[in-house]
Amino acid sequence: HPDEYKKTISSVLDDIKHLTDISNRLLLLARTSAEGPANYSSNIRIDDILWQTREEILKFNNSYNITIKIPESITDSDCMLVTGDESLLKVAFSNIIDNACKYSADKSVEIKIGSSNHNVEIVFEDHGSGIPKDELPHIFEPFYRAANSKSVPGSGIGLPLVNQIIKNHNGKINIISKQNIGTQVFITLPSAV
23 HPDEYKKTIS SVLDDIKHLT DISNRLLLLA RTSAEGPANY SSNIRIDDIL WQTREEILKF
83 NNSYNITIKI PESITDSDCM LVTGDESLLK VAFSNIIDNA CKYSADKSVE IKIGSSNHNV
143 EIVFEDHGSG IPKDELPHIF EPFYRAANSK SVPGSGIGLP LVNQIIKNHN GKINIISKQN
203 IGTQVFITLP SAV
């Protein structure tokens, strides 16, 4: 029964890939937690990172609809500069975008970039199932998964990792969510200029 063997091997390979992904995320969470706020020296543009992250996600999830909006009032690209680690910020943004699309019926997220008071502000907004109010305080706890998320594959590592990465960049993250309306994730990072 070669077809059964192929199915079994394919299933085992999927499981290995899933376990490898969880292991890598756990290691990254442990590393970023242990390091704490870092002295990064690279200035990077938030809009560039978001566009690159969008392209990488769409390669594997072409059903996702990811919109990035930059207001016309931002005429100077310097106000989108932050000092940080590009790969870590991509991991954080990728987690937020993936969650927004996974938990939205229309698989879409809108990302808005703003700037004020020497900060770069990013808002990720979806129109998904939302997070129950009583569960919001727990979403940054490792392995915690909201009750309404159990049917969607996940490990409960993503948001704690995002939270730690943003903290390590001296930033802030805030989540507002209403059930059956959607979720907004607000990230504020200190501007490099």
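Going by the working numbering, the first residue of the sequence shown is number 23, and it counts up by one from there.
Cβ atoms here follow ideal geometry from the backbone N, Cα and C, with glycine treated the same way.
- Boundaries around isoleucine 195 are those of the beta strand (DSSP E), 194-200, since no alpha helix (DSSP H) includes it.
- The continuous beta strand (DSSP E) containing leucine 103 extends over residues 103-105.
- Annotation: glutamate 147 to asparagine 61 spans about 30 angstroms, alpha carbon to alpha carbon.
- The three-state reading of DSSP puts lysine 189 in helix, counting H, G and I together.
- Less than 8 angstroms divides the Cβ of serine 126 from the Cβ of glycine 150.
- Where leucine 110 is concerned, the enclosing alpha helix (DSSP H) starts and stops at 108-124.
- The Cβ atoms of isoleucine 197 and leucine 158 lie closer than 8 angstroms to each other.
- Short of 6 angstroms from the beta carbon of aspartate 100, and not among the five residues preceding or following it, lie these beta carbons of its own chain, in chain order: Val215.
- Relative to isoleucine 68, the option among Ile144, Asn139, Ile153 whose CA is nearest is Ile144.
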